[in-house]
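Report on one structure; see the data block that follows.
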């Protein structure tokens, strides 16, 4: 938003009309062509770009994984050199955890939030575009290292001293360190945007107990990111200073402390894991009711357990460090916290099962993915519970058991719900349905391939196979299990390929969806598919969690979707209060702008200058950033409304 | 489980044995939870229910009491596991008896330096590498060091992992309950040859261990009556290998690589990578970078006859 003005009085509720739609179209439409591509601030456009870019990184990371699986298919293979293997597993981790898992959720949230809220855009549309461009450029920055043959090679966790200048003299780690600080900018501004959007732009009447669960998920993830990203950005900055300027934050013998890195990294890293699953759990919580034909069982419990998971998630990072020689008292505390964090997850699982039980499930492809996710979530959850027990972890940690665990968590609780979300919301985004028959093939290939590939990793782990080894001896007894894992992972990859085929085919030939193909209950289904640039011709008023189901849930008339506020005097949306969502202001929104792209581009050159020590380049780029920001922060030229002290309420 | 030298579902040592019931217990709970939830999901999907039209919604009260019951059971199980966990930690933190022997073990990229300590008899202190001999039935104290980057010390049959972190010493103990050879492995990613950083713990009865220890203390002083082939080999070893490797009692005194004074007493070479047999050994010296690409041992500029002399000499280091 560029500015906000107090509402003098609520405008009248009006019915949508073609004239109103035409006026809004003229106000909100993005410029056509390439210019519009660079200037767009439309949350739907940005959301889809986020999703497509994140998926591209998923495919890259997946190909890296398949190469590793070929190398590990048999003992003593020489397909990859140790250096190649190390760079592949590092890039695989970075791609999946940083460049796919969070951005794909940001993409869905970006696309869906204003539609769920009955708003016309996110609170800060230009910041939204900036967060996308910085994500894209940071991802390309890190992948530039890969293309130049100097990819990061020390794992995504990047432990010192192996990443210090002495043990790792190349430019590889500098790419990663600066790339992560760069990516941190994107995550931070994106998270702030989500939090403010939630606080200010929900439809009148959408009090916090009426928000969809995925909103709770993204809210808690965003708050966590704002708190923990500074920790990892600082750690990477300190490492970069150690490597390039001879500081001694982590260097042994000069007063530095390697374990400090692990604390700073995991203080960020563990909450991050919850941040990349909680919004996806929200997809399940919001998706299951659509296909079980009833509201979610235990909405309040699920919402609270989302928040509780995140709160507890700040206090469990040391369970990544049980073997570092930490005192027994600290071990006990973190072991206890890591066990307790199971409880909110268990509550969510019970509520999902109860929703299916008490509902009337329709076996769509999306439902398959959501139900499959519950099973995978439980397997990933109990293996996490096992590692929370300190003495057991001393045996399990850094073996393939943990590789199995992390993949059940990230694929089970992120990829499966995300594909489910595609089947659910693709019709909204594209106006066309994904093919259901292909969708079920897609599910079963992924589900069987995944379990065939990744369940045996638990057993490889129990049989002692360590993580991050580029080969193994036939004497260790892991050969058969690894061959099965490789076969399963290729089957899984074929499943993902089938999904991509489905998307490509359905974009052209899919059945036309209409506004509400699933007969779902929330606001995004009240507008056309795909929605117009202004989302809703009139901004609805909300009186329940399922405005479109009210007539059938004995709540008829609580919401007003057919009539609402017009706000057609400029790019405007309604500002509402934080808890109860009472209208209190008109938010003026900016139009198309070059500024986000230019700021992202200038920032990229700051980091390139820092990477190659060309300080004049970094300095000039920094000045360019300042110039863009001066234009960005220029007060808008709209005539201010006359402020009135008292807001009128619904 | 002989075919799986690094498995931790069996145990041969006091500490591993104390942990194993907990590992099995939480595994059993986990499997039970998976089966119960899978059954619930299937039952929830396939249970008989009244049919309804596509636009009908299910109404009625929500069955929350089952969720409260499920949560209560979960909390009770978790509390039980927490208590069991704490009791197990307390049981394995310290050995019951004072350790019989103290070792310093240092992780290097990519091998293990083992130093036998003796506070009362400094002349009994000696270095070896990649193979750790211990007396059976007695707790052993081990101080873990790292020379370059973080490594992790793990002998699954005897004990869980503890990291070796530069600038800090982590002290652990372990005890073998039966004689045998137990495989160990580095489990913290430490660079290109992390995969080939193994070692063996050999637990022997007291007498056998003591004989081994006494033999290890001895150096290898050159003898007047050494045949010329061995004398030539010693000379070639000094020239090509002595900057990095030590053979106590000779001019070879390098400390970069493993101490080779009694290398023939070990069952493997290159940190558990190859069997210690003449052909393998010659192949390793001739081209270590083929076997362990990236290893710190360079490809030596060594002639065929010199290589033969060196291996002949090494064969005497038992």
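Chains as they are written, first to last, in my numbering: chain A, 1 to 650; chain D, 651 to 968. In this text, a Cβ means the ideal position worked out from N, Cα and C, and glycines have one as well.
From the beta carbon of residue 297 of chain A, is the nearest beta carbon of chain D less than 9 Å away?
For the purposes of this step, residue 297 of chain A is taken as residue 297 along the first chain, with counting starting at 1. True, the Cβ-Cβ gap to chain D drops below 9 Å.
Of all Cβ atoms in chain A, is any one closer than 9 Å to the Cβ of residue 758 of chain D?
Counting from 1 along the second chain, the entry for residue 758 of chain D is found at position 108. False, the Cβ-Cβ gap to chain A never drops below 9 Å.
When you compare only the Cα positions, how much space is there between residue 959 of chain D and residue 867 of chain D?
Sequence index remark: in the second chain, residue 959 of chain D carries index 309 (1-based). Sequence index remark: in the second chain, residue 867 of chain D carries index 217 (1-based). Looking at the two C-alpha atoms, the distance is approximately 25 Å.
Which of the three DSSP states, helix, strand or coil, is assigned to residue 952 of chain D?
Position 302 of the second chain, counted from the start, is the residue given in the question as residue 952 of chain D. Coil, per DSSP.
What does the Cβ neighbour count give for residue 640 of chain A, buried or exposed, with the cut at 16 atoms within 10 Å?
In the first chain, counting from the first residue as 1, residue 640 of chain A sits at position 640. Here residue 640 of chain A scores only 48 on pLDDT, less than 50, and its place in the model is too uncertain to base an answer on.
Assign residue 322 of chain A to one of three DSSP states: helix, strand, or coil.
By one-based count along the first chain, residue 322 of chain A stands at place 322. Residue state, collapsed to three classes: coil.
Within 9 Å (strictly less), CB to CB, does residue 159 of chain A reach chain D?
For this step, residue 159 of chain A is matched to residue 159 along the first chain. For residue 159 of chain A, the answer is yes, since a Cβ of chain D falls inside 9 Å of its Cβ.
Quick check for students: name the residue ranges of the alpha helix (DSSP H) that lie wholly in the region 149-212 of chain A, counting only runs of 4 or more.
172-200
Note down the Cα distance separating residue 831 of chain D from residue 852 of chain D, rounded to an integer number of angstroms.
On the second chain, residue 831 of chain D is found 181 positions in, with the first residue counted as 1. On the second chain, residue 852 of chain D is found 202 positions in, with the first residue counted as 1. If I take the Cα positions, the gap works out to 4 Å.
Does any C-beta atom of chain A lie closer than 9 Å to the C-beta of residue 657 of chain D?
If you number the second chain from 1, residue 657 of chain D lands on position 7. Judged by the 9 Å Cβ criterion, residue 657 of chain D is in contact with chain A.
Between residue 155 of chain A and chain D, is any beta-carbon pair separated by less than 9 Å?
Here residue 155 of chain A is taken as the residue at index 155 of the first chain, counted from 1. Yes, residue 155 of chain A counts as interfacial toward chain D.
Could you give the distance in angstroms between the alpha-carbon of residue 146 of chain A and the alpha-carbon of residue 91 of chain A?
For the purposes of this step, residue 146 of chain A is identified with residue 146 of the first chain, where counting begins at 1. For the purposes of this step, residue 91 of chain A is identified with residue 91 of the first chain, where counting begins at 1. Straight-line Cα distance between these residues: approximately 8 Å.
So that I know if they touch, is there some Cβ in chain A lying closer than 9 Å to that of residue 667 of chain D?
The residue given as residue 667 of chain D occupies position 17 in the second chain. It does not; no Cβ of chain A falls within 9 Å.
Kindly confirm or deny that the region 557-571 of chain A and the region 181-199 of chain A touch, where touching means at least three C-beta pairs closer than 8 Å.
no
Let me know the secondary structure DSSP gives residue 577 of chain A once reduced to three states.
Translated into positions along the first chain, residue 577 of chain A becomes position 577. Three-state DSSP puts residue 577 of chain A in coil, outside helix and strand.
Extract the residue ranges of the beta strand (DSSP E) inside the region 358-397 of chain A, only unbroken runs of 3 or more that lie entirely within it.
none
What does residue 707 of chain D reach in chain A if we use C-beta pairs closer than 7 Å?
Here residue 707 of chain D is taken as the residue at index 57 of the second chain, counted from 1. Under the 7 Å cutoff, chain A gives 293, 294, 549, 552 and 553.
When the distance is taken between beta carbons, is residue 232 of chain A closer than 9 Å to residue 310 of chain A?
In the first chain, residue 310 of chain A corresponds to position 310, counting from 1. In the first chain, residue 232 of chain A corresponds to position 232, counting from 1. The answer is no: Cβ separation not under 9 Å.
For residue 791 of chain D, which of D:826, D:798, D:816 and D:772 has the nearest alpha-carbon?
On the second chain, position 141 is the one that residue 791 of chain D refers to. Nearest to residue 791 of chain D by C-alpha distance, out of D:826, D:798, D:816 and D:772, is D:826.
Just curious, the beta strand (DSSP E) that residue 834 of chain D is in, first and last residue?
In the second chain, counting from the first residue as 1, residue 834 of chain D sits at position 184. The continuous beta strand (DSSP E) containing residue 834 of chain D extends over residues 830-835.
Which runs of the alpha helix (DSSP H), 4 residues or longer, sit entirely within the region 710-753 of chain D?
714-743
Kindly indicate if chain A contains any beta-carbon less than 9 Å away from that of residue 795 of chain D.
By one-based count along the second chain, residue 795 of chain D stands at place 145. Answer no: the Cβ-Cβ gap between residue 795 of chain D and chain A never drops below 9 Å.
Along the chain, where does the alpha helix (DSSP H) that runs through residue 436 of chain A open and close?
One-based indexing of the first chain puts residue 436 of chain A at position 436. Looking at the DSSP string, the run of the alpha helix (DSSP H) that includes residue 436 of chain A is 436-462.
Is the CB of residue 705 of chain A under 9 Å away from at least one CB in chain D?
With chain A running from 1 to 650 in the structure shown, residue 705 of chain A is simply not present.
Does any residue of chain D bring its CB to less than 9 Å from the CB of residue 412 of chain A?
By one-based count along the first chain, residue 412 of chain A stands at place 412. No, residue 412 of chain A lies away from the interface with chain D (no Cβ there is under 9 Å from its Cβ).
What number of angstroms, rounded off, separates the C-alpha of residue 621 of chain D from the C-alpha of residue 658 of chain D?
The structure shown does not extend to residue 621 of chain D, since chain D spans only 651 to 968, so no value can be given for it.
Anything in chain A within Cβ reach of residue 699 of chain D, meaning under 8 Å, just list it in chain order.
On the second chain, residue 699 of chain D is found 49 positions in, with the first residue counted as 1. Within 8 Å Cβ-Cβ: 360.
Report yes or no: is there a C-beta of chain D within less than 9 Å of the C-beta of residue 650 of chain A?
Start at 1 with the first residue of the first chain, and residue 650 of chain A comes out as number 650. Residue placement at residue 650 of chain A is poorly supported in this model, since its pLDDT is 34, which falls under 50; the coordinates are not used for a value here.
One question on the structure: do residue 920 of chain D and residue 846 of chain D come within less than 9 Å of each other, judged by their Cβ atoms?
For this step, residue 920 of chain D is matched to residue 270 along the second chain. For this step, residue 846 of chain D is matched to residue 196 along the second chain. Yes, the Cβ-Cβ distance between residue 920 of chain D and residue 846 of chain D is below 9 Å.
State the Cα-Cα distance for the pair residue 696 of chain D and residue 365 of chain A, rounded to the nearest angstrom.
Counting from one through the second chain, the residue named residue 696 of chain D turns up at place 46. Counting from one through the first chain, the residue named residue 365 of chain A turns up at place 365. Distance between the alpha carbons of residue 696 of chain D and residue 365 of chain A is about 16 Å.
Where does residue 674 of chain D sit, in a helix, a strand or coil, going by DSSP?
Here residue 674 of chain D corresponds to residue number 24 of the second chain, with the count starting at 1. In the structure shown, residue 674 of chain D sits in a helix (DSSP, three-state: H, G or I).
Cβ closer than 7 Å: which chain A residues qualify as neighbours of residue 694 of chain D?
Taking the first residue of the second chain as 1, we reach residue 694 of chain D at position 44. Correct list: 353, 356 and 357.
Can you name the residues that DSSP bridges to residue 756 of chain D?
On the second chain, position 106 is the one that residue 756 of chain D refers to. Paired residue(s): D:763 and D:795.
Pull up the distance between the alpha-carbon of residue 251 of chain A and that of residue 167 of chain A, whole angstroms please.
By 1-based counting over the first chain, the position of residue 251 of chain A is 251. By 1-based counting over the first chain, the position of residue 167 of chain A is 167. When rounded, the distance between both Cα atoms is 11 Å.
Look at the Cβ atom of residue 735 of chain A, then the Cβ atom of residue 210 of chain A, and state whether they are nearer than 9 Å.
Here chain A has residues from 1 to 650 only, and residue 735 of chain A is not among them.
Using the C-alpha atoms, what's the distance from residue 899 of chain D back to residue 865 of chain D?
For the purposes of this step, residue 865 of chain D is taken as the residue at position 215 of the second chain. For the purposes of this step, residue 899 of chain D is taken as the residue at position 249 of the second chain. Their backbone Cα atoms lie some 14 Å apart in a straight line.
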